[in-house]
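Trainee: Quick one: the structure is below, questions incoming.
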Amino acid sequence: MIKIHNLHKSFDEKVVLRGVDLDVFDGERLVIIGRSGCGKSVLLKHILNLMQPDKGYILVDNIAIRKVGQKDLFFLRKQFGFLFQGAALFDSMSVAENVALPLVEHTDLSPAEIERKVAEKLELVGLPGTQDLRPAELSGGMKKRIGLARAIVMDPKYVLYDEPTTGLDPIMAASIDKLIIDLSNQLKLTSIVVTHDMQSVEKVATRVVMLHVGKIIFNGDVQALHQSDNAVVNQFVSGSIEGPIQPKPVKY
Ligand SMILES: Nc1ncnc2c1ncn2[C@@H]1O[C@H](COP(=O)(O)OP(=O)(O)OP(=O)(O)O)[C@@H](O)[C@H]1O
Ligand SMILES: [Mg+2]
Numbered sequence: 033m034i035k036i037h038n039l040h041k042s043f044d045e046k047v048v049l050r051g052v053d054l055d056v057f058d059g060e061r062l063v064i065i066g067r068s069g070c071g072k073s074v075l076l077k078h079i080l081n082l083m084q085p086d087k088g089y090i091l092v093d094n095i096a097i098r099k100v101g102q103k104d105l106f107f108l109r110k111q112f113g114f115l116f117q118g119a120a121l122f123d124s125m126s127v128a129e130n131v132a133l134p135l136v137e138h139t140d141l142s143p144a145e146i147e148r149k150v151a152e153k154l155e156l157v158g159l160p161g162t163q164d165l166r167p168a169e170l171s172g173g174m175k176k177r178i179g180l181a182r183a184i185v186m187d188p189k190y191v192l193y194d195e196p197t198t199g200l201d202p203i204m205a206a207s208i209d210k211l212i213i214d215l216s217n218q219l220k221l222t223s224i225v226v227t228h229d230m231q232s233v234e235k236v237a238t239r240v241v242m243l244h245v246g247k248i249i250f251n252g253d254v255q256a257l258h259q260s261d262n263a264v265v266n267q268f269v270s271g272s273i274e275g276p277i278q279p280k281p282v283k284y
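Residues 33 to 284 in the working numbering are what the sequence shown lists, from first letter to last.
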């Protein structure tokens with residue numbers, strides 16, 4: 033389980049997180065929603081220890097990630113898979129090399145063993161036999177699948193997805209949503225999904241939280257999301273330009 037307690041983060045004068053409290057339970061698919069720029073990616077980066085908070089802490093399976101030494105840090109990192117916003121594949125590398133990257137960097141598995149694991153993960157994401165393709169030869173949806181194969185190649189316990197369906201057509205987006213659900217069931221993963229896509233929220237979420245002006249303003253299931261009497265939540269869910277949120281960027 034992941035426990036986020038009173039997380040604060042500012043960049044110079046700009047306050048992004050102002051006291052985020054959030055528990056993530058084993059086996060759930062937690063979806064984080066919120067406006068562009070509200071700090072969703074920043075929150076994910078804190079969970080991955082790629083950013084340090086100004087105040088507050090995060091426990092992963094009761095270990096405080098801020099305080100761990102190199103050895104424990106590696107142990108923690110291995111527990112996490114991450115699908116970056118935009119997939120972030122290396123164009124100069126083949127699909128197989130992209131997927132194998134975490135194994136090459138963090139394990140001493142033999143080339144044959146790496147090859148076997150890459151094939152296994154490509155099969156799981158529905159793209160067997162694509163090892164020798166280059167990212168330039170792939171559609172957006174295929175790139176996301178390859179990014180997902182890379183995210184699970186170390187057999188993590190937690191997988192974090194940053195806007196996995198952005199930029200995909202609705203059918204492709206639905207197939208990525210299905211893949212997220214299937215993988216999480218098959219591999220017994222705990223998933224944290226950041227998205228703007230309300231269709232994804234409906235399908236994927238076992239629980240939803242909404243981040244707004246640096247805090248969690250909603251925490252509940254999809255049904256409760258639709259029944260919320262919070263005007264900010266309602267406006268986001270309906271995608272309306274009428275309401276407390278102004279369409280222009282908010283100054284936090
Ligand atoms: N390394 C950084 N240095 C300075 N400011 C940053 C940094 N990273 C993020 N920010 C700022 O923090 C705020 C939150 O950014 P973040 O990327 O988390 O937004 P987001 O909710 O993921 O938005 P989107 O939905 O558009 O991806 C933004 O105003 C951004 O400019
Ligand atoms: Mg983001």
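Even glycine gets a Cβ: it sits at the ideal position worked out from N, Cα and C.
None of these values were measured; they are calculated from a predicted model.
#1: Does the beta-carbon of G69, which I'm using as the reference point, lie nearer than 7 Å to any heavy atom of ligand 1?
#2: Output yes if chain D places a C-beta closer than 8 Å to the C-beta of E155; else output no.
#3: For the alpha helix (DSSP H) that contains R148, what are its first and last residues?
#4: Nearest CA to the CA of K235: which residue from A206, I90 and D55?
#5: Output the boundary residues of the alpha helix (DSSP H) element that contains G252.
#6: Mind listing which residues have their beta carbon within less than 7 Å of any non-hydrogen atom of ligand 2? Chain order is fine.
#7: The beta strand (DSSP E) spanning H228 covers which residue range?
#8: Distance, Cα to Cα, V63 vs L133?
#9: In terms of residues, what are the limits of the alpha helix (DSSP H) holding K72?
#10: Under 8 Å between the Cβ atoms of Y258 and G66?
#11: Under 8 Å, with one C-beta from each stretch per pair, do the segment 205 to 223 and the segment 48 to 63 reach the 3-pair mark?
#12: I'd like to know whether the C-beta atoms of D53 and I36 end up nearer to each other than 8 Å.
#13: Helix, strand or coil for V136? Go by DSSP, reduced to three states.
#14: What three-state label does DSSP hand M242 in the structure shown?
Mentor: A quick look at the data gives this:
#1: yes
#2: In the displayed structure, chain D is absent; only one protein chain is listed.
#3: P143 to L156
#4: A206
#5: Here G252 belongs to no alpha helix (DSSP H); instead the beta strand (DSSP E) covers K247 to G252.
#6: K72, S73, Q117, D194, E195 and V226
#7: Neither: H228 is in no beta strand (DSSP E) and is coded neither H nor E.
#8: 27 Å
#9: K72 to I79
#10: The question names Tyr, yet the displayed sequence has His at residue 258. No, Cβ-Cβ distance for H258 and G66 is not below 8 Å.
#11: yes
#12: yes
#13: helix
#14: strand
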